[in-house]
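For reference, the structure is listed below as structure tokens.
2 protein chains.
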Amino acid sequence: MDFSIRDAVQEDMSQVLDLIQELADFEKEPDAVDITVDDLIKEGFGTQPLFKCFVAEMNEEIIGAAIIYDRFSTWKGRTVHLEDLIVKASMRKKGIGKALYTRVMHYAKDKGVKRVEWVVLDWNTNAIDFYEKSGATLLKDWYLVQMSEKGLATFVNQNV
Amino acid sequence: MDFSIRDAVQEDMSQVLDLIQELADFEKEPDAVDITVDDLIKEGFGTQPLFKCFVAEMNEEIIGAAIIYDRFSTWKGRTVHLEDLIVKASMRKKGIGKALYTRVMHYAKDKGVKRVEWVVLDWNTNAIDFYEKSGATLLKDWYLVQMSEKGLATFVNQNV
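In order, the protein sequences belong to chains A and B. Heads up: the first sequence begins at 0 in numbering that gives the first Met the number 0, then just goes up one per residue. Heads up: the second sequence begins at 0 in numbering that gives the first Met the number 0, then just goes up one per residue.
Below, the structure is given as structure tokens:
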């Protein structure tokens, strides 16, 4: 396996979007991806980018990606959020995910953040095992809460 | 109840930190708060602030706070994260939390984000009821995962 990890460039975003869709399929939410390549370029490569992306590349093809951004904990301070860690299905079990994950952890350590955090589906036992073996901790007593764009519009209209 | 909601200023951060500690006590993590007033000022009021804070004020005292920041969903796009929504214990059940929450939702709507998201402890039924009534959705099949600063150092040392 001769792959390399590098910072993503704008030209990678089309292949990265394919990976994002692949992850959504895997997570049983195939219709959830509303974002476009243009959105990824606009939000990731402006003067105040909303995310940073690492890609795994082999034979000029993008076979994996990690997408991260800064967050802030009012208990700990500056943290890094790992939004997505994706390896192309046909390329799994070859150390690509571990290499991307390791790059993210080095990046976070170099930035001096107080924590790296992310979420995982409760049935994704392969990922959970990997995260726990790496030294991460699962917090099982918290729920994610989301107000959708539609819910937001309704709430705001009802609470002027 | 004659309180007002406004953007926080640096001089509020000492009282906001008291509220953050109060929330940590309520969430049964009294020793979790490592952050200082100086950290809050540095990270919240620089040229690229890591968070935005709204406060509820009554008689020149800060009685509540909401702390938010931008996030990014690779499915939806730009989102707002609600990190903390805190009302001083002696001031609860007076509509202050609802007023802060409403301000956050208006802010998010005005920014045109695709979602507002946050987390809640599974035993905090008062908060859960409030969130659900407001139109938010609980996602119960995800776990939070955290790599602590110490775990990060260990992992990075073992995976150079």
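Cβ coordinates follow ideal geometry from the N, Cα and C atoms, glycine included.
Have a look at I19 (chain B) and E10 (chain B) and give me their C-alpha separation to the nearest angstrom. 15 angstroms
Please list, in chain order, the chain A residues whose beta carbon lies closer than 7 angstroms to that of G134 (chain B). M146, G150, T153, F154
What residues of chain A sit near N125 (chain B), judged by a beta carbon separation below 9 angstroms? For N125 (chain B), no chain A residue has a Cβ inside 9 angstroms of its Cβ, as the nearest lies near 14 angstroms away.
Stretch pair the stretch 39 to 46 of chain B + the stretch 135 to 150 of chain B: three plus CB contacts closer than 8 angstroms: no
Euclidean distance between Cα positions of V118 (chain A) and A88 (chain A): In this model, V118 (chain A) and A88 (chain A) are separated by some 20 angstroms (Cα to Cα).
Considering T35 (chain A), what are the terminal residues of the alpha helix (DSSP H) in which it resides? Note, T35 (chain A): premise wrong, no alpha helix (DSSP H); not H, not E.
Just to make sure I have the definition right: I need the residues of chain B whose C-beta is within less than 7 angstroms of the C-beta of E91 (chain A). Which are they? The residue you asked about is not Glu; residue 91 (chain A) is Arg in the sequence shown. The contacting residues do not exist; R91 (chain A) stays about 19 angstroms from chain B at best.
Reducing DSSP to helix, strand and coil, say where Q20 (chain B) ends up. Assigned with DSSP and collapsed to three states, Q20 (chain B) falls in helix.
Going along the chain, which residues of its own chain have a beta-carbon closer than 6 angstroms to the beta-carbon of D24 (chain B), five neighbours each way excluded? Short of 6 angstroms from the beta carbon of D24 (chain B), and not among the five residues preceding or following it, lies no beta carbon of its own chain.
Does the count of Cβ pairs from the stretch 138 to 146 of chain B and the stretch 147 to 158 of chain A closer than 8 angstroms reach three? no
Interface partners of A23 (chain B) on chain A, CB under 8 angstroms: Chain order gives the chain A residues near A23 (chain B) as W74, where near means a beta carbon separation below 8 angstroms.
For D13 (chain A), which residues of its own chain have a beta-carbon under 7 angstroms away from its beta-carbon, when the five flanking residues on both sides are left out? Here residue 13 (chain A) is Ser; the residue named in the question, Asp, does not match the sequence. Around S13 (chain A): V36.
Going by Cα to Cα distance, which pick from A:I34, A:W122, A:A126 is closest to V86 (chain A)? A:A126
Can you tell which of B:P48, B:F129, B:E148, B:D121 has the C-alpha that lies nearest to the C-alpha of K139 (chain B)? The residue from B:P48, B:F129, B:E148, B:D121 with its alpha-carbon nearest to that of K139 (chain B) is B:D121.
Using CA coordinates, which residue listed in A:D33, A:D109, A:W74, A:A64 is at the minimum distance from I95 (chain A)? A:A64
Nearest by alpha-carbon distance to D170 (chain A): which of A:V79, A:K97, A:A31 is it? Nothing in the structure corresponds to residue 170 (chain A), since chain A is present only between 0 and 159.
Contained beta strand (DSSP E) runs [length at least 3] in the stretch 51 to 99 of chain B, N- to C-terminal order: 51 to 57, 60 to 72, 76 to 86
Show which residues of chain B have a CB atom less than 8 angstroms away from the CB atom of E42 (chain A). F71, G76, R77, listed in chain order.
K51 (chain B) CB to nearest chain A CB: under 8 angstroms? no
From D109 (chain A) to Y68 (chain B), what distance separates their C-alpha atoms? 22 angstroms
Which whole-angstrom value describes the C-beta separation of D38 (chain A) and G76 (chain B), a residue pair presumed to lie in contact below a C-beta threshold of 8 angstroms? 6 angstroms
Which residues of chain B have a Cβ atom closer than 7 angstroms to the Cβ of A31 (chain A), listed in chain order? W74
Closest Cα partner of R91 (chain B) within the set B:I62, B:T73, B:I66, B:S72: B:I62
Between which two residues does the beta strand (DSSP E) carrying T136 (chain A) extend? 136 to 138
Can you tell me where the alpha helix (DSSP H) with E26 (chain B) in it begins and where it stops? Counting along the chain, E26 (chain B) falls outside any alpha helix (DSSP H), and DSSP gives it neither H nor E.
So with CB distances below 7 angstroms, who are the chain B contacts of R114 (chain A)? Q145, M146, S147, E148
By the DSSP assignment, the alpha helix (DSSP H) with Q145 (chain B) in it spans what residues? Unbroken run through Q145 (chain B) is the beta strand (DSSP E), 141 to 147; no alpha helix (DSSP H).
Quick check on DSSP: helix, strand or coil for V159 (chain B)? coil
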